[in-house]
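Chemist: Residues 356 to 1046 (our numbering) are what the sequence shown spells out, left to right. Glycine included, each C-beta is placed from N, C-alpha and C at the ideal position.
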Amino acid sequence: MAPDYLVIVESPAKAKTIEKYLGKKYKVKASVGHVRDLPRSQTGIDVENNYEPKYITIRGKGPVLQELKSAAKKAKKVFLASDPDREGEAIAWHLAHSLGIDEDSECRVVFNEITKDAVKEAFKHPRAINRDRVDAQQARRILDRLVGYNISPILWKKVKKGLSAGRVQSVALRLIIDRENEIRNFKPEEYWSITGLFGKGKKEFTATFHGDGKKKIKLPDKQTVDTILAKLDGHDFEVAELEKKERKRNPAPPFTTSSLQQEAARKLNFRARKTMMLAQQLYEGINVGKEGSVGLITYMRTDSTRISDTAKKEAGDFILSEYGKDYMAPGERTSKQKNAQDAHEAIRPTSVLRTPASLKAVLSNDQLKLYRLIWERFIASRMAPAVLDTVTADLRQGEVVFRATGSQVKFQGFMKVYVEGEDDKEDVKQKMLPPLEKGDIVKSLKIDPKQHFTQPPPRYSEARLVKTMEELGIGRPSTYAPTLDTIQKRGYVSLDAKRFIPTELGEIVHSLVSEFFPEIIDVEFTAEMEKDLDSIEDGKNEWVNVIDSFYKDFEKRLKVAEQEMEKVVIKDEPAGEDCEKCGSPMVIKMGRYGKFMACSNFPDCRNTKPILKKIGVACPKCKKGEVVERKSKTKRIFYSCDQYPDCDFISWDKPVSRPCPKCSSMLVEKKLKKGKQIQCSECDYKEQPQQ
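Encoded structure:
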């Protein structure tokens, strides 16, 4: 007997989870993503006819669509239960069109989490397809197609095949290149610090030079430092000022897509793409044993920090029973994000009672790591603030004042469960001062002046770039990970020590796009376009008007670029060596993923090899070759002999040019969480590298 109702979702995993909740009258099938899209072989947009898109069935989706049509004919009613965002709404609209379903009928069902209660409740409130939301997605798709399919062919002609320029990716590339230019143009400035080691009784503590008691004094050079040190007379300092404060620290809100990607990068070392893949698995359903398949987290594409009242209550009850009344949140703390598509909640566990420990047996190692991060962040967000006792002491001798600060946790609050990670900063360990009172005398045990130089701004990590894009209003939760993927796949950027560096190819493409299509790389223009897309979703703007206002100027620029953009010839550089296969000179070529060596006798000789970076260290094994830097298939750097395969020396750590002073074995530079250390590959010898 055929089921009464057909439910269509995107993924088979989601279908399996939902079918279990709905009972025998429902059959749940998957469309496996979009079923219709713009054609790949052409732009597919009728610019003369109100930018009418020409949608076709996606190649390979014919059998899936036929199966859905057949099932739809047998069902009394079809429900479209794709994801609760613009992309999901568009998938539902395309399915309605393909299956002959009236989009104004109550055919659309949305839920923010895949749990029995949430799914059953959603089916009590079906609605019509939200055409404004579909139009917002369609406008984004058309804009991206108009940009990509018009600029890319020009780049193919003028530079090389396989290049592309995208609306959001061009701005992301600009941010990386702008940062690289800041680093190149950076001029270090000298500054000094004076650190003092002080003692009170048997306890020692540190303080740094602050000023003269009236104002803070900078130390730009050694002359200023010597003047300060000349004023010191003896070792006695008086505690001139003492300030004790109680400081509260609030927890971070639960995760949005952006903050999840950032924190997973910081704490778990996950790339944005990996984070989203794992989150999708947790959302769509995991077999947890007796309950079967169940969604463990809420929808993972969101820029809202809102939480449902039910989730707040469950979290509150859990915190009360596990940690006690003192650890419960004092009241409402979440705030609405700027530009948030607030139809969704924040990313949270569907039930806090499913603790990470209880799921250890059913989740993969990476799934468990991400689930624990989401679970801990959510629980912490509903907990009391941490209370810290801070002490600031000014130690005076004449006109010289050193300042010591210390703090200790008085009440852990949310920090019992979770502390947010930080970008580009080392974790500062809390330090306690000995008991001090105003008027106390402390002794200086050591005064240590040090020279420093200001450092350039750091290159973007994935986490920092996502955060910057979000702050600037570029892209949306669904676009961050694909954008970072695209600029890497195109060879416009490379990753070095998990930081983005623009390639020569990326800089060439950026300079051409910025010259002929300046609005494409304009941060404010792109952010304004995001607001226009939001206004379409809110029913305040027509999608055709938004595209038309963009395309009129863009079309003029296309014509100018076609005529005036000069052909860029990326010349082959001589490599300084001959091909071992045919004897012709080798040249350095620009490839999609950077530079490589190739035979100049191409196509008769197709010999290619990577460019090896010598590090100035003789091979410790064969003594004949030199150690070179190479990259593995996963882009991890390792070191080997340039005489390979004759010599098989290999090391993940960078060899140092001198032997171990203790046992004469190879010294290597080991990367630690907080800097580097030189150590012996055989014995226990260790030393700090010279700065």
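Counting pairs of Cβ atoms below 8 Å between the region 841-857 and the region 638-645, do you hit three or more?
Modeler: no
Chemist: Excluding the 5 residues preceding and the 5 following VAL364 in the sequence, name in chain order all residues of the same chain whose CB lies nearer than 7 Å to its CB.
Modeler: Counting from one through the sequence shown, the residue named residue 364 turns up at place 9. For VAL364, where only same-chain residues beyond five positions count, the Cβ hits under 7 Å are ALA370, ILE373, VAL383, ALA385, ALA436 and SER437.
Chemist: Report the partner residues of PHE855 according to the DSSP bridge assignment.
Modeler: One-based indexing of the sequence shown puts residue 855 at position 500. The partner list for PHE855 (beta bridge, DSSP) reads LEU850.
Chemist: Nearest-angstrom Cα distance between ASP567 and TYR546?
Modeler: The sequence position of residue 567 within the sequence shown is 212, counting from 1. The sequence position of residue 546 within the sequence shown is 191, counting from 1. Distance between the alpha carbons of ASP567 and TYR546: 18 Å.
Chemist: Assuming GLY556 contacts SER799 under a Cβ cut-off of 8 Å, what Cβ separation, rounded to an integer in Å, is found between them?
Modeler: One-based indexing of the sequence shown puts residue 556 at position 201. One-based indexing of the sequence shown puts residue 799 at position 444. Rounded, the Cβ-Cβ distance is 15 Å, inconsistent with contact.
Chemist: Would you mind working out which of PHE592, ARG727, PHE1004 and GLN636 sits nearest PHE553, comparing C-alpha positions?
Modeler: For this step, residue 553 is matched to residue 198 along the sequence shown. It is PHE592 whose Cα lies nearest to the Cα of PHE553.
Chemist: Can you name, in chain order, every residue of its own chain whose Cβ lies under 6 Å from the Cβ of LYS409, other than the five neighbours on each side?
Modeler: The residue given as residue 409 occupies position 54 in the sequence shown. Around LYS409: GLY399.
Chemist: By the DSSP assignment, the beta strand (DSSP E) with LYS1025 in it spans what residues?
Modeler: Stepping through the sequence shown from its first residue, residue 1025 is reached at position 670. Element bounds for LYS1025: 1021-1027.
Chemist: Which same chain residues, not among the five before or five after ARG488, have their C-beta less than 7 Å away from its C-beta?
Modeler: As a working note, residue 488 is residue 133 in the sequence shown. Answer for ARG488: ARG441, GLU444 and GLU892, listed in chain order.
Chemist: Per DSSP, ARG602 forms a beta bridge with which residues?
Modeler: Stepping through the sequence shown from its first residue, residue 602 is reached at position 247. Note: ARG602 sits in a beta bridge opposite LEU743.
Chemist: Can you give me the Cβ contacts of GLY652 inside the same chain, cut-off strictly under 8 Å, excluding the 5 residues immediately before and after it?
Modeler: Here residue 652 corresponds to residue number 297 of the sequence shown, with the count starting at 1. One detail in the question is off: residue 652 reads as Ile in this sequence, not Gly. Around ILE652, the same chain offers GLU468, ALA634, LEU637, TYR638, ILE702, ARG703, PRO704, THR705, TYR726 and ILE729 as residues with beta carbons nearer than 8 Å, after the five sequence neighbours per side are excluded.
Chemist: Below 7 Å between beta carbons: does that hold for ASP795 and VAL526?
Modeler: Taking the sequence shown and counting its residues from 1, one reaches residue 795 at position 440. Taking the sequence shown and counting its residues from 1, one reaches residue 526 at position 171. No, the Cβ-Cβ distance between ASP795 and VAL526 is not below 7 Å.
Chemist: Would you list, in sequence order, the uninterrupted alpha helix (DSSP H) runs of no fewer than 4 residues that lie entirely inside the region 797-876?
Modeler: 817-827, 835-844 and 859-871
Chemist: Given a threshold of 16 other Cβ atoms within 10 Å of its Cβ, counted over all protein chains shown, does HIS449 qualify as buried or as exposed?
Modeler: Locating residue 449 in the sequence shown gives position 94, counting from the first residue. Label assigned to HIS449: buried.
Chemist: Note down the Cα distance separating GLU919 from ILE863, rounded to an integer number of angstroms.
Modeler: By one-based count along the sequence shown, residue 919 stands at place 564. By one-based count along the sequence shown, residue 863 stands at place 508. One C-alpha to the other measures close to 16 Å.
Chemist: Where does the unbroken beta strand (DSSP E) through LEU298 begin, and where does it stop?
Modeler: One cannot answer for residue 298 here, as it falls past the ends of the chain, which runs 356 to 1046.
Chemist: Pull up the DSSP beta-bridge partners for TRP730, would you.
Modeler: Here the question's residue 730 lines up with position 375 in the sequence shown. Paired residue(s): none; TRP730 is not in a bridge.
Chemist: Quick one: give me the first and last residue of the alpha helix (DSSP H) that LEU701 is part of.
Modeler: Residue mapping note: residue 701 aligns to position 346 of the sequence shown, counting from 1. Sequence check: residue 701 is Ala here, not Leu. Here ALA701 belongs to no alpha helix (DSSP H), and DSSP marks it neither H nor E.
Chemist: Between which residues of its own chain and ILE413 is the CB-CB distance below 7 Å, once the five residues before and five after are set aside?
Modeler: To locate residue 413, count along the sequence shown from 1; it is residue 58. Closer than 7 Å at Cβ, skipping near neighbours: HIS389, VAL390, ARG391 and ASP392.
Chemist: What is the rounded straight-line gap between the Cα of ASN694 and the Cα of VAL821?
Modeler: Your numbering for residue 694 matches position 339 in the sequence shown. Your numbering for residue 821 matches position 466 in the sequence shown. Here the model assigns ASN694 a pLDDT of 43, short of 50, so the residue's position is not dependable, and the following value carries that caveat. Cα to Cα, ASN694 sits roughly 16 Å from VAL821.
Chemist: Give the secondary structure of LYS371 by DSSP, where H, G and I count as helix, E and B as strand, and everything else as coil.
Modeler: Taking the sequence shown and counting its residues from 1, one reaches residue 371 at position 16. Reduced to three states, the DSSP call for LYS371 is helix.
Chemist: DSSP puts ARG482 in a beta bridge; with which residues?
Modeler: Working through the sequence shown from its first residue, we reach residue 482 at position 127. Bridge partners of ARG482: ARG463.
Chemist: Indicate the three-state DSSP secondary structure (helix, strand or coil) for MET920 in the structure shown.
Modeler: As a first step, residue 920 must be located in the sequence shown, where it is residue number 565. If DSSP states are grouped into helix, strand and coil, MET920 belongs with coil.
Chemist: Can the beta-carbon of PHE466 be found closer than 7 Å to that of ALA477?
Modeler: Along the sequence shown, one-based indexing puts residue 466 at 111. Along the sequence shown, one-based indexing puts residue 477 at 122. Contact: yes.
Chemist: Would DSSP call SER519 helix, strand or coil?
Modeler: Within the sequence shown, numbered from 1, the residue matching residue 519 stands at position 164. In this structure, SER519 counts as coil in the three-state DSSP scheme.
Chemist: Quick one: give me the first and last residue of the beta strand (DSSP E) that GLN763 is part of.
Modeler: On the sequence shown, position 408 is the one that residue 763 refers to. It spans 755-766 - the beta strand (DSSP E) in which GLN763 sits, taken as one unbroken run.
Chemist: MET884 to VAL523, Cα distance in whole Å?
Modeler: If you number the sequence shown from 1, residue 884 lands on position 529. If you number the sequence shown from 1, residue 523 lands on position 168. Answer to the nearest angstrom: the Cα atoms are 10 Å apart.
Chemist: Within the continuous beta strand (DSSP E) that includes ASP889, where are the two ends?
Modeler: The residue given as residue 889 occupies position 534 in the sequence shown. Taken as a continuous stretch (DSSP letters only), ASP889 belongs to no beta strand (DSSP E), being part of the alpha helix (DSSP H) at 878-892.
Chemist: DSSP on TRP1093, reduced to helix/strand/coil?
Modeler: Residue 1093 is absent from the structure shown; the chain starts at 356 and stops at 1046.
Chemist: Taking the alpha-carbon of GLU921 as reference, which of LEU967, SER866 and ASN962 has the nearest alpha-carbon?
Modeler: Here residue 921 refers to the residue found at position 566 when the sequence shown is read from its first residue. Of the listed residues, the one whose Cα sits closest to GLU921 is SER866.
Chemist: Across which residues does DSSP place THR561 in a beta bridge pair?
Modeler: Within the sequence shown, residue 561 is the residue found at index 206, counting from 1. LEU552, per the DSSP bridge assignment.
Chemist: Just how far apart, CA to CA, sit PRO394 and ASP889?
Modeler: Position 39 of the sequence shown holds residue 394. Position 534 of the sequence shown holds residue 889. Answer to the nearest angstrom: the Cα atoms are 26 Å apart.
Chemist: Just to confirm my understanding: we take THR350, look at its own chain, exclude 5 residues before and 5 after, and list those with CB closer than 6 Å. What are they?
Modeler: In the structure as shown, the chain begins at 356 and stops at 1046. Residue 350 is therefore absent and cannot be evaluated.
Chemist: Please report the straight-line C-alpha distance between LYS600 and PRO789, rounded to a whole angstrom.
Modeler: Indexing the sequence shown from 1 puts residue 600 at position 245. Indexing the sequence shown from 1 puts residue 789 at position 434. Each residue's Cα considered, the two are about 16 Å apart.
Chemist: Smallest Cα separation from ASP576: which of ARG985, PRO804 and ILE943?
Modeler: Along the sequence shown, read from residue 1 onward, the residue named residue 576 stands at position 221. That would be PRO804, whose Cα lies nearest to the Cα of ASP576.
Chemist: Would you give the residue range spanned by the beta strand (DSSP E) that VAL362 belongs to?
Modeler: In the sequence shown, counting from the first residue as 1, residue 362 sits at position 7. VAL362 -> beta strand (DSSP E) spans 360-364.
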